[in-house]
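In the numbering used here, the protein residues as written are 314 to 415. C-beta: ideal position from N, C-alpha, C; glycine also.
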């Protein structure tokens, strides 16, 4: 994966109190000299109707999460990826690979 995208189809008027926001995290080095996400997101994006968010995916360097939805309305979206022709560098640091190795 090289770029991830999300097209939001939520109802209009989505509020921060309803949750469901995309969170993007900057990375920092841990005691094992591996990149880990900082504890607080550097950017938070609400799932506003008819909007699109996209971000670069870099194994072991870019981190994201989606907040829990607290409201009664569904958080609807279409999500996908664009892939690069070559395997990304540092695949051993991808989150899934880290989870499998513990």
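1. For the beta strand (DSSP E) holding residue 350, just list the boundary residues, first then last.
2. Determine the contact status of residue 418 and residue 378, defining contact as a CB-CB distance below 9 Å.
3. Entirely within the region 375–407 and at least 3 residues each: give me those beta strand (DSSP E) ranges in chain order.
4. Span of the beta strand (DSSP E) holding residue 341?
5. What residues in its chain sit with their C-beta under 6 Å from that of residue 343, if we drop five residues either side in the sequence?
The answer reads as follows:
1. 348–350
2. Not covered by the structure: residue 418. The range shown for the chain is 314 to 415.
3. 376–379, 390–395
4. Looking at the DSSP string, the run of the beta strand (DSSP E) that includes residue 341 is 340–342.
5. If we look at residue 343 and ignore the five residues flanking it on each side, its Cβ neighbours are 349.
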